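S.K.: Protein chains in written order, with the working numbering: chain A, 1 to 420; chain B, 1001 to 1160.
Every residue, glycine too, gets a C-beta built ideally from N, C-alpha and C.
Everything numeric in this text was worked out from a predicted model, so none of it was measured.
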Amino acid sequence: MGMTITEKILAHNSGQEQIEAGEIVNAKLDGVLANDITAALAIPQLQEMGYEKVFDAERVFFVMDHFVPNSNVNAAMQCKVCRDFARASDLKYFYDVGEMGIEHVLLPEKGHVLPGDVLIGGDSHTCTYGALGAFATGVGSTDLAAGLAKGELWFKVPPSLKFIYEGKLPRYVSGKDLILYTIGQIGVDGALYKAMEFAGAAITELPMDGRFTMCNMAIEAGAKNGIIAPDEITEKYVRMRARRPCQIYTSDADANYEKVYTFDVSALEPQVAVPHLPSNARNISEVKSITLDQVIIGSCTNGRLSDLRAAAALLTGQKVHPYVRTIIIPGSQEVYLQALKEGLIEIFISAGAAVSTPTCGPCFGGHVGVLAAGEVCLSTTNRNFVGRMGHPQSAVYLASPVVAAASAIKGRVASPWEVV
Amino acid sequence: MGKAFVFGDNIDTDLIVPGKYLTLSTPAELATVCMAGLAEDFVLRISEGDIFVAGRNFGCGSSREHAPVSIKAAGVSCVIATSFARIFYRNAINIGLPVLESAGAAAGIREGDEVLVSMEKGLIINQSTDESYTFTAFPKFILEIFQAGGLVDFIKMQHK
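(1) Taking V1053/B as the query, report the chain A residues whose CB atoms sit under 7 Å from its CB, ordered along the chain.
(2) Given this structure, state the Cα-to-Cα distance separating V274/A from V402/A, to the nearest angstrom.
(3) Which chain B residues sit within Cβ distance under 7 Å of K224/A?
(4) Between the Cα of Y93/A and the Cα atoms of T380/A, D56/A, H66/A, which residue gives the shortest distance?
(5) Are the Cβ atoms of T1136/B and E1101/B separated by less than 8 Å?
(6) Just the Cα atoms here: how many angstroms apart are L153/A and E1120/B?
(7) When burial is assigned at 16 or more other CB atoms within 10 Å of the CB, is E286/A buried or exposed?
(8) Please determine if the segment 363–370 of chain A and the segment 105–122 of chain A are in contact, where contact requires at least 3 C-beta pairs separated by less than 8 Å.
(9) Could you spell out where the alpha helix (DSSP H) holding Q1127/B opens and where it closes?
(10) Which residues does DSSP pair with R282/A in a beta bridge?
(11) Counting beta carbon pairs with one atom in the segment 26–46 of chain A and one in the segment 58–78 of chain A, are three or more of them shorter than 8 Å?
(12) Could you work out which residues of chain A lie near R1090/B, taking near to mean beta carbons separated by less than 9 Å?
(13) Is DSSP giving I120/A helix, strand or coil here?
(14) Is the beta carbon of C1081/B sitting closer than 8 Å to the one on A1054/B?
(15) What in chain B is Cβ-close to N364/A, meaning under 8 Å?
(16) Please name the residue in A313/A, E48/A, G352/A whose C-alpha comes closest to that of M1157/B.
(17) Rounding to the nearest angstrom, what Cα-Cα distance links T182/A and F212/A in this structure?
(18) Have a look at I203/A, L41/A, D307/A and flag the residue whose alpha-carbon is nearest the alpha-carbon of A404/A.
(19) How is V97/A classed by DSSP in three states: helix, strand or coil?
(20) What runs of the beta strand (DSSP E), each 3 residues or longer, lie entirely inside the segment 1070–1124 of chain B?
(21) Measure from the alpha carbon of D84/A to the alpha carbon of each residue in T128/A, T301/A, D36/A, then state which is nearest.
(22) Skipping 5 residues on each side, what residues in its chain have a beta carbon closer than 7 Å to that of L192/A?
(23) Across the segment 268–283 of chain A and the segment 297–313 of chain A, are there enough close Cβ pairs to call them in contact, namely three or more that are closer than 8 Å?
(24) Could you check the C-alpha separation between L1097/B and G1108/B for me, to the nearest Å?
(25) Which residues of chain B have a Cβ atom closer than 7 Å to the Cβ of Y165/A, listed in chain order?
(26) Compare the beta carbon distance of L398/A and L180/A with 8 Å and say whether it is the shorter of the two.
(27) Have a look at the DSSP bridge pairing and note the partners of L1024/B.
(28) Thinking C-alpha only, which one of S1118/B, E1111/B, G1059/B is nearest R1090/B?
(29) Please confirm if the segment 64–78 of chain A is in contact with the segment 132–151 of chain A, defined as three or more CB-CB distances below 8 Å between the two stretches.
(30) For the segment 368–397 of chain A, which residues have a beta carbon sitting closer than 9 Å to at least one beta carbon of chain B?
(31) Is P358/A near the ligand MG, going by C-beta to nearest heavy atom under 7 Å?
(32) Verify whether the separation of the beta carbon atoms of A27/A and G122/A is less than 8 Å.
(33) Assign M1/A to buried or exposed, taking buried as 16 or more other Cβ atoms, counted over all protein chains shown, within 10 Å of its Cβ.
(34) Look up R412/A in the DSSP assignment and say whether it is helix, strand or coil.
(35) Starting from G1065/B, find everything on chain A with Cβ-Cβ shorter than 7 Å and list it in chain order.
(36) Whose CA, out of D1009/B, C1034/B, G1008/B, Q1147/B, lies closest to the CA of N1094/B?
Dropping the structure here:
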């Protein structure tokens, strides 16, 4: 029996020739990630387990990105726990203010995660790295502590679902639209405990940034991991960044899939997920009467350079609506600097948008754009749960950067075609 | 034994512990904000031993272990649901909060029912209606972690 890419990676890292869905394996970890919220919980647990140091100071990545730059005293205290531990443990890769980006934008950019890796992260969106052909999954702080201690962790091998996207994506339709559409089709538990493998002509044509966006939101369908087989686009991305060898895996032709979905996306409209679940995906033509108070462009889902370029293309020479607070957050210092060099930051500021240093802040209702009761935000982030970005009576609509830019201009949910 | 709180499908971790409370980290602090996304003072309704009952995909969303820690620290003895989101499920086991999958119990138990759970027999008894339900037994591997008192103690034992 052939194996899927997910099975092959887990087999390799657990020292086995052949594994199948449902088996429990103990796998070696190529990387362990934590942020200021989850590391703060894991550090005392690690010490409780009897470990003062991590398994490998060059395979652990701490990124201070959630309540950073520190939003209040509690956040500062929490980050201090991480900072003190990182220094005491000689962590080679500790990313703090000035260097840090949003973890899932930063790690691939720095070459810390490569095709064929097994990586866990104390953050549910760790599944982002599947876009590189790695097995990456989010864990809680106890599993995180175990991974930090031992450099290995047990996994139940997930069954795989295959999603084949046929056709050529229309203009202004992106990876974000593909994944929102997919979650809309299968629901927020449609891939519970499973691997979501993305393939097909539209994926072959999809740039790396769009692939990161798709794998990032696999968790919003309940998946354990999202994954895309590496190809020339992946190799080109990795070649510039990798500082160690990596292993390319692809699924066998006779690999076992629990289900195969085929979508023709050649006429797909931009998608908007209406409150309060990411699975409430609608065609944009169905939701255009919604008035907005805030627009966020950024996050681990859509804070990459091509996201900012797409937004800037629509905002050039335009003004955002006077009632819409528009906040744009580059996902990393590299993204920020490149956006600056390309003139994108000037376009945003001239359009009346605020530009922030990288942070997860508004996405989880932490800081930098928290909503009041009754307010409505359109955001390029990943979750629109009740109260996600602030008051329980606020509302969040999820969409792509071009829809966000068009909506910021119009003051309501708008299609990019309305402003070009 | 305890009284049941009944929730619907897709109870997410932002409802259990809203993002603004993620600067809290001790169980005692997290207990005070249990289910604060539904009602800020929800914790006041909970008595020691009470049981949460929910539909599909309980605990979806973030990986925050704050969510199961908060539920456990608030005095809830177990969560029964039709299904659980996978990170929450594993986190709950790791911190020693029993999470029981039983579609029958999730459908049959009503708010305020007195519910008794036998982990050993794999049985959920609704004492208010005299109905009983079985739940999916834990595999041996997980039971070993339970027997050690959670993953931290499990690793501690291995490390010695």
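M.R.: Taking the geometry as given:
(1) Chain A residues near V1053/B: none, gap ~17 Å exceeds 7 Å.
(2) 17 Å
(3) R1086
(4) D56/A
(5) yes
(6) 27 Å
(7) exposed
(8) no
(9) Counting along the chain, Q1127/B falls outside any alpha helix (DSSP H), and DSSP gives it neither H nor E.
(10) V272/A
(11) yes
(12) V139, G140, T142, D143
(13) strand
(14) Note on residue identity: the sequence assigns Ala, not Cys, to residue 1081/B. Yes, the Cβ-Cβ distance between A1081/B and A1054/B is below 8 Å.
(15) The question names Asn, yet the displayed sequence has Phe at residue 364/A. By Cβ distance, chain B contributes D1014, G1019, L1022, S1062.
(16) E48/A
(17) 15 Å
(18) D307/A
(19) coil
(20) 1078–1081, 1099–1101, 1114–1118
(21) D36/A
(22) G222
(23) no
(24) 22 Å
(25) Result: empty, since nearest Cβ-Cβ is about 24 Å, beyond 7 Å.
(26) yes
(27) In DSSP, L1024/B forms no bridge with anything.
(28) G1059/B
(29) no
(30) V370, R383, F385, V386, G387, R388, M389, G390, P392
(31) Looking at this structure, you won't find the ligand MG or any other ligand, since it has none at all.
(32) no
(33) exposed
(34) strand
(35) According to the sequence provided, residue 1065/B is Glu. The question's Gly does not apply to it. Those within 7 Å of E1065/B in chain A are L41, G140, S141, T142.
(36) Q1147/B
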